[in-house]
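Okay, structure first, notes after.
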Amino acid sequence: MQLGPAVATVFRSTGEEQKAAVEQVHSNLDLIEHELREGHFKGRAFFGGEMIGALDIVVGCGSYWLPVLEEVAEVRLVDAERFPLFHAWLRKFEDLEEVKGIIPAPEKLMAYAGGVRKFLLGQGKGSWMPFDQHFPSRSTQSDPQLDELVAGVRMSGTRYMWVARGDTARFEEDEGSRARGIGLVVGWCEQLRVLCHRAVGGFMTHCGWNSVMEGVYAGVPMLTFPVVWEQQLDRRLVVEVWGVGVDLFKGRSGGREVVVGREEVAEAVGRLMDLEGEEGRETRRRVRGLREGCRRALEVGDGGLDEVVRDLWLS
Numbered sequence: 001m002q003l004g005p006a007v008a009t010v011f012r013s014t015g016e017e018q019k020a021a022v023e024q025v026h027s028n029l030d031l032i033e034h035e036l037r038e039g040h041f042k043g044r045a046f047f048g049g050e051m052i053g054a055l056d057i058v059v060g061c062g063s064y065w066l067p068v069l070e071e072v073a074e075v076r077l078v079d080a081e082r083f084p085l086f087h088a089w090l091r092k093f094e095d096l097e098e099v100k101g102i103i104p105a106p107e108k109l110m111a112y113a114g115g116v117r118k119f120l121l122g123q124g125k126g127s128w129m130p131f132d133q134h135f136p137s138r139s140t141q142s143d144p145q146l147d148e149l150v151a152g153v154r155m156s157g158t159r160y161m162w163v164a165r166g167d168t169a170r171f172e173e174d175e176g177s178r179a180r181g182i183g184l185v186v187g188w189c190e191q192l193r194v195l196c197h198r199a200v201g202g203f204m205t206h207c208g209w210n211s212v213m214e215g216v217y218a219g220v221p222m223l224t225f226p227v228v229w230e231q232q233l234d235r236r237l238v239v240e241v242w243g244v245g246v247d248l249f250k251g252r253s254g255g256r257e258v259v260v261g262r263e264e265v266a267e268a269v270g271r272l273m274d275l276e277g278e279e280g281r282e283t284r285r286r287v288r289g290l291r292e293g294c295r296r297a298l299e300v301g302d303g304g305l306d307e308v309v310r311d312l313w314l315s
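Take 1 as the starting number for the sequence shown in UniProt numbering and just add one per residue.
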């Protein structure tokens with residue numbers, strides 16, 4: 001069964017390639033529908049006990065996202081008439097208390113996705129800067145620093161999106177930015193798909209490796225604000241080695257956090273989002289080269305990882 005890879009291809013492709021991937025998804029769902037119809041799942045704890053079985057987790061957690069992917073990619077994957085047993089099974093899986101406790105409701109995720117897509121439609125090329133979905137968090141940033149970051153981004157006048165979880169009050173737009181329609185605050189987004197949108201001109205990141213690689217894949221310059229451990233090394237690669245980012249983090253002094261002020265934040269955002277200046281043009285030229293190396297590695301067979309490491313290091 002190749003359901004996962006097929007769904008991933010649907011999500012990142014268009015046209016005939018996407019159509020072929022949708023057919024592959026349906027072919028795999030046909031197999032699951034047959035298994036459910038024939039009762040082959042009996043004895044595997046499929047909702048038969050008090051705890052979720054291993055098969056529930058493998059199939060259920062992967063399938064749980066299908067309605068969300070349908071909303072974001074604007075394709076139809078799970079037809080209730082064609083796959084009635086699987087559709088019913090998926091609804092039952094979503095209602096399990098164990099699932100509700102760890103995964104947001106699909107309806108909420110779809111609402112976030114729809115809001116992001118609607119917002120993007122009205123943005124000019126390279127005019128918008130999303131924030132790393134792991135970035136704005138009290139667990140990683142102090143309250144004073146978060147307040148300065150929020151104020152600095154607004155001061156810069158750049159269109160932005162915060163992915164904020166829990167208490168989102170400080171991230172909500174002020175009256176001025178709301179009037180200009182430059183800000184969006186959501187609880188979730190599909191980060192890679194957002195970064196690949198033509199409206200995105202920059203990306204503020206905490207420099208986690210996955211987020212850095214998504215920025216490279218999308219070919220988007222990065223504003224770096226590392227917090228812990230290996231993120232400092234990732235920042236060095238982005239800013240000093242590859243030359244595709246602007247550094248913002250000041251580190252610590254005397255054991256205390258050095259807060260970056262709103263004026264400095266606004267200045268750094270302006271540099272990152274400047275499409276016409278010499279620094280902005282050179283940064284974008286470099287990141288486009290990294291993007292091509294990253295995507296080329298995904299198209300080849302054996303040795304792809306070695307090639308992408310070589311290309312990134314020598315760029």
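Don't be surprised by glycine CBs; every beta carbon is placed ideally from N, CA and C. All of these numbers come straight from a predicted model, not from anything done at the bench.
Selection from the options that minimises the alpha carbon distance to residue i
i    : options                   : result
M273 : V25, V259, H206 and G202  : G202
G157 : L195, R117 and A266       : A266
V153 : G280, Y217 and E264       : E264
V185 : G293, A164, C196 and H197 : A164
T283 : V241, P84 and F119        : V241
V78  : L120, E33 and F131        : E33
W229 : A297, V269, L146 and W209 : W209
F249 : Q232, A151 and E81        : Q232
E74  : E81, E257 and R117        : R117
V10  : E38, R76 and D143         : R76
G245 : R256, G251, P226 and F83  : P226
G293 : E278, E279, V269 and V216 : V216
M222 : V7, R82, E279 and A80     : E279
F119 : E70, F83, V194 and R82    : V194
E70  : G39, E38, Q18 and E257    : Q18
For residue i: DSSP bridge partner residues
i    : result
P130 : M161
T205 : T224
L36  : DSSP lists no partner for L36.
A245 : The displayed chain sequence assigns Gly, not Ala, to residue 245. G245 pairs with M222.
V185 : W162
V200 : W128
Chain-order list of residues whose beta-carbon lies under 6 Å from that of residue i (same chain, five-residue window excluded)
i    : result
L192 : E214
Y160 : M129, V153 and G183
K125 : R198
E23  : none
C196 : A218
G243 : R286
G270 : S156
F83  : L29 and E33
Cβ shell of residue i (< 7 Å), same chain only, five flanking positions each side left out
i    : result
D30  : none
D247 : T224, R235 and V239
S127 : R159, A199 and G201
M204 : M129, F131, D132, F135, L223 and F225
V58  : Unreliable positioning characterises V58 in this predicted model, as indicated by a pLDDT of 46, which lies under 50. A coordinate reading is not provided.
A6   : A21, Q24, V25 and N28
G251 : V258
L275 : G126 and G201
A268 : L223, V246 and L248
Q123 : R159 and A199
Sub-8 Å separation of residue i and residue j beta-carbons
i    : j    : result
V287 : V220 : yes
S27  : A21  : no
V259 : E148 : yes
R291 : A199 : no
C155 : R262 : Correcting the residue identity first, residue 155 is Met in this sequence and not Cys. Closer than 8 Å, so yes.
H206 : D143 : no
Same chain, Cβ closer than 8 Å to residue i, five either side skipped, listed in chain order
i   : result
L36 : L85, F86 and W89
A80 : H87
R91 : none
G39 : none
Short CB-CB distance (under 8 Å) between residue i and chain B
i    : result
R236 : No chain B appears in the structure shown, which is made up of a single protein chain.
Contact test: residue i Cβ vs the ligand SAH heavy atom, cutoff 7 Å
i    : result
V216 : This structure simply doesn't include the ligand SAH, nor any ligand for that matter.
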